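*Asks:*
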Amino acid sequence: MIVCHSFFSKNSLPKYLDKAVGLMQKANHMAFATTDDWMSFLKVLRRSLEEVNGAARGLRLSVNASQIQIVTKGGLDYAARLNYFTLRDLLMWNEVIGDFFGEADRKGGAL
-1 MIVCHSFFSK
9 NSLPKYLDKA
19 VGLMQKANHM
29 AFATTDDWMS
39 FLKVLRRSLE
49 EVNGAARGLR
59 LSVNASQIQI
69 VTKGGLDYAA
79 RLNYFTLRDL
89 LMWNEVIGDF
99 FGEADRKGGA
109 L
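Residues in the sequence shown are numbered from -1 upward in steps of one, following the working numbering.
Written out as structure tokens, the structure is:
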């Protein structure tokens, strides 16, 4: 599961970025249940940039291990960014043992 958080966009953005920035804003504080869902989101986001990416605009989507950005001006600036992380496991409370355990522990037969 991929969880998005900490969306930021610049105050004055060109109108042609509304769709892409709107998609990022919509994903803020949301989770993608599967990697396929996440990859589809990135694909739609890239496509929305390609629709407006004339030769003079120099827009691209930059993706690293914890953040996506709409990069402008040949990488010298950005229009919007969204942080994310991959959720590794869920912690749950076990009243009987008085401790937390992860979903992986339960599936592995630990509890």
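The beta-carbon is built from N, C-alpha and C at its ideal position, and this holds for glycine as well.
Keep in mind the model is a prediction, meaning the values are calculated, not measured.
1) What three-state label does DSSP hand V69 in the structure shown?
2) Can A25 and M(-1) be called in contact, C-beta distance under 8 Å?
3) Could you check the C-alpha separation between A99 and L57 for me, to the nearest Å?
4) Could you have a look at A108 and say whether DSSP puts it in helix, strand or coil?
5) Who are the Cβ neighbours of D97 in its own chain at under 7 Å, not counting the five residues just before and after it?
6) What are the partner residues of A78, as DSSP defines its beta bridges?
7) For L11, I'd like the list of residues in its chain whose CB is within less than 7 Å of its CB, leaving aside the five on either flank, ordered along the chain.
*Replies:* In short:
1) Within the sequence shown, residue 69 is the residue found at index 71, counting from 1. If DSSP states are grouped into helix, strand and coil, V69 belongs with the strands.
2) Stepping through the sequence shown from its first residue, residue 25 is reached at position 27. Stepping through the sequence shown from its first residue, residue -1 is reached at position 1. Not in contact: A25 and M(-1) (Cβ atoms no closer than 8 Å).
3) The count along the sequence shown starts at 1 and reaches residue 99 at position 101. The count along the sequence shown starts at 1 and reaches residue 57 at position 59. One point to set straight first is that residue 99 is Phe, not Ala, in the sequence displayed. Roughly 44 Å between the two C-alpha positions.
4) Your numbering for residue 108 matches position 110 in the sequence shown. Note that A108 scores 46 on pLDDT, short of 50, meaning its location in the model is unreliable and no value can be drawn from it.
5) If you number the sequence shown from 1, residue 97 lands on position 99. Within the same chain, D97 has no close Cβ partners at all.
6) Residue mapping note: residue 78 aligns to position 80 of the sequence shown, counting from 1. Per DSSP, S7, I68.
7) Position 13 of the sequence shown holds residue 11. Once the five neighbours on either side are set aside, the close Cβ partners of L11 are V19, A77.
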